[in-house]
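What follows is a set of notes on a single structure, which appears directly below.
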Amino acid sequence: MVLPVTLLFETLAQAPGLYTIGGESHGLIEGLAALDTRQRGYESNRLTAEDASPLIAEQLRARFRAAAFDRERKPPGAAFRLLEKTPKNALRVPFLNRIFPDALFVYLYRDPRQVLASMLEAWESGGFRTYRELPGWNGPPWSLLLTPGWRELNGAALGDIVATQWQTTTELLLDDLEALPRERVAVARYDALLADPQAEVMRLCGFAGLHWDRPLGQVLPIANHTVSNPHADKWRLREHVIAPLLPRLQATLERATAFAQR
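In structure tokens:
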């Protein structure tokens, strides 16, 4: 499995004037007791604008600033642009929008069949477990983001768990992105990133008001956290699981495709 969001993150992080915390922000966000999923009764990883109190906003901005560095590993100055990628944050757009009111959002679109295959591989690998002892959960150790309504999946087959996980996340994410001004949301296509990395990265940097000063090869390096090498038809190894799921996902599939074509 390759996480496309990680591939995009690791590439964009090389833009001059852009800062990151070097990885995902689970600890920074959930390290605050009020935002800790465990302290919130394991409801889900969802956070909304109502969770972003002035105190939480101040603390979180300070945490990100303290952890941020650029491609030369230098700390930020007074004002800086932060690049953030954490899959859980697909459930937290209203929260992040309240904390960072000038934030720009990039929706990375990938063939949902490939996404489902990668999610299945993540669950099966055991390397992406987020809640090893989830109260009330009788299925395999929970992996990836904890979606609203997860308790209803008790006893379901892994394919159904992953399909619902993807659908719930995608519907919430698109709802939240559509509520933002259009000029604050860009779409990146995974196939375009692979086909012409230079053009796609320069386009995204232009959207964010950033400069790009490094040539990219025809093939991007494999991202960290990769379980197995990617290829377009790899999902067919799990086609017997994925194909039966697609009819009930059809409305969300069409919505995601339409959003990616904006």
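Everything in the sequence shown is counted per our numbering, starting at 1448 for the first residue and increasing by one.
For glycine and all other residues, C-beta sits at the position ideal for the given N, C-alpha and C.
On a predicted model such as this, the values are computed, not experimentally measured, just so you know.
Quick check: does the Cβ of residue i come within less than 7 Å of any heavy atom belonging to the ligand MN?
{"i": "A1690", "result": "This structure does not include the ligand MN; it has no bound ligands of any sort."}
Assign residue i to one of three DSSP states: helix, strand, or coil.
{"i": "F1516", "result": "strand"}
{"i": "W1589", "result": "strand"}
{"i": "R1576", "result": "strand"}
{"i": "T1594", "result": "coil"}
{"i": "A1603", "result": "coil"}
{"i": "A1705", "result": "helix"}
{"i": "N1542", "result": "Note that residue 1542 is Phe in the sequence shown here, rather than Asn. Of the three classes helix, strand and coil, the one that applies to F1542 here is helix, per DSSP."}
{"i": "R1683", "result": "helix"}
{"i": "T1467", "result": "strand"}
{"i": "F1552", "result": "strand"}
{"i": "A1525", "result": "coil"}
{"i": "A1626", "result": "coil"}
{"i": "A1655", "result": "coil"}
{"i": "A1633", "result": "strand"}
{"i": "R1650", "result": "helix"}
{"i": "D1558", "result": "coil"}
{"i": "P1691", "result": "helix"}
Closest by CA to residue i, which one among the options?
{"i": "R1685", "options": "A1525, V1609, A1564 and P1541", "result": "A1564"}
{"i": "H1658", "options": "P1463, R1485 and L1592", "result": "P1463"}
{"i": "P1628", "options": "V1540, P1523 and T1453", "result": "V1540"}
{"i": "Y1554", "options": "R1661, A1499, E1630 and P1588", "result": "E1630"}
{"i": "R1706", "options": "A1655, E1625 and L1651", "result": "In the sequence as displayed, the identity of residue 1706 is Phe instead of Arg. Answer by Cα proximity: E1625."}
{"i": "F1547", "options": "V1562, F1527, R1557 and R1661", "result": "F1527"}
{"i": "D1498", "options": "F1542, D1622, E1477 and A1480", "result": "F1542"}
{"i": "L1562", "options": "D1680, R1709 and A1698", "result": "Here residue 1562 is Val; the residue named in the question, Leu, does not match the sequence. The option with the nearest alpha carbon to V1562 is D1680."}
{"i": "L1479", "options": "T1453, E1490, N1492 and Q1506", "result": "Q1506"}
{"i": "R1598", "options": "R1518, A1550 and S1491", "result": "S1491"}
Quick one: using the 10 Å Cβ neighbour count with 16 as the cut-off for buried, is residue i buried or exposed?
{"i": "Q1612", "result": "buried"}
{"i": "A1496", "result": "exposed"}
{"i": "P1501", "result": "exposed"}
{"i": "P1559", "result": "buried"}
Where do the N-terminal and C-terminal ends of the alpha helix (DSSP H) with residue i fall, by residue?
{"i": "L1640", "result": "Y1637 to A1642"}
{"i": "L1475", "result": "H1473 to E1477"}
Inset, instruction - Taking 8 Å as the threshold, find out whether the region 1532-1542 comes into contact with the region 1590-1600 through three or more Cβ pairs. - result: The region 1532-1542, when compared against the region 1590-1600, does touch it at the 8 Å Cβ threshold.
Inset, instruction - Please confirm if the region 1598-1607 is in contact with the region 1687-1698, defined as three or more CB-CB distances below 8 Å between the two stretches. - result: Because the criterion of three Cβ pairs below 8 Å is met, the region 1598-1607 and the region 1687-1698 touch.
Inset, instruction - Pair every Cβ in the region 1510-1529 with every Cβ in the region 1567-1574, then say whether three or more of these pairs are closer than 8 Å. - result: Taking 8 Å as the limit for Cβ pairs, the verdict is that the region 1567-1574 does not touch the region 1510-1529.
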